[in-house]
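One structure is given below, encoded as structure tokens.
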Amino acid sequence: MRVYLDICAFNRPFDDQNQLKIKLETEAKLFIQQGIVTGIYELVWSYILEYENNQNRFDDRRNSIIEWKTIARIHCGETDEIIKYAESLRAKNIRTKDALHIACSVCTRSDYLITTDKQLYNLKLNDIKIINPLIFLNEMEG
Numbered sequence: 752m753r754v755y756l757d758i759c760a761f762n763r764p765f766d767d768q769n770q771l772k773i774k775l776e777t778e779a780k781l782f783i784q785q786g787i788v789t790g791i792y793e794l795v796w797s798y799i800l801e802y803e804n805n806q807n808r809f810d811d812r813r814n815s816i817i818e819w820k821t822i823a824r825i826h827c828g829e830t831d832e833i834i835k836y837a838e839s840l841r842a843k844n845i846r847t848k849d850a851l852h853i854a855c856s857v858c859t860r861s862d863y864l865i866t867t868d869k870q871l872y873n874l875k876l877n878d879i880k881i882i883n884p885l886i887f888l889n890e891m892e893g
């Protein structure tokens with residue numbers, strides 16, 4: 752199963768863990784990462800992930816996240832197809848970076864785009880299932 756985690760998902764373990772929702776999402780994300788390492792899930796990395804990660808002002812976070820690039824089995828660079836798809840999403844008022852993440856996940860034929868961004872995981876699209884890490888685990892384990 753092919754999964755695409757956006758930068759919000761990758762950053763979740765670095766957020767304030769005093770809120771229960773954040774702590775649970777962190778645990779779910781770490782469980783998914785373990786599934787990636789053991790080969791249960793196939794991770795997709797993209798140029799927009801790398802771009803956003805490079806903007807992170809915290810060296811430890813940035814360095815921790817970039818390690819997943821080497822673990823990813825699929826790497827998605829910018830293509831005309833991705834830009835065109837992202838532009839079609841922008842026309843539906845989806846934020847630019849979100850549109851690029853969605854386009855990368857669709858163009859790499861990911862089964863899921865996993866995010867902790869509520870605005871993003873509430874989107875209903877035909878081409879990709881956008882899901883919160885907790886819901887993803889519930890679907891996989893249920």
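The numbering of the sequence shown is our numbering, which starts it at 752 and goes up by one. No residue lacks a Cβ here, since even glycine has one placed at the ideal position from N, Cα and C.
Put simply, of Ala823, Leu851, Leu871 and Ala779 the residue whose alpha carbon is nearest the alpha carbon of Lys835 is Leu851. Counting along the chain, Glu793 sits inside the beta strand (DSSP E) bounded by residues Glu793 to Ser797. For Leu864, the enclosing beta strand (DSSP E) covers residues Tyr863 to Ile865.
With a beta-carbon spacing of about 5 Å, Tyr798 and Glu829 fall inside the 8 Å limit used to define contacts.
For the set Arg813, Glu838 and Phe887, the Cα lying nearest the Cα of Phe765 is the one of Arg813. For Lys875, there is no enclosing alpha helix (DSSP H), as DSSP marks it with neither H nor E.
By the Cβ criterion, the segment 755 to 765 is in contact with the segment 779 to 797, since at least three pairs of Cβ atoms, one from each stretch, lie closer than 8 Å.
Listed in chain order, the beta strand (DSSP E) elements of length 3 or more contained wholly in the segment 773 to 826 are 793 to 797.
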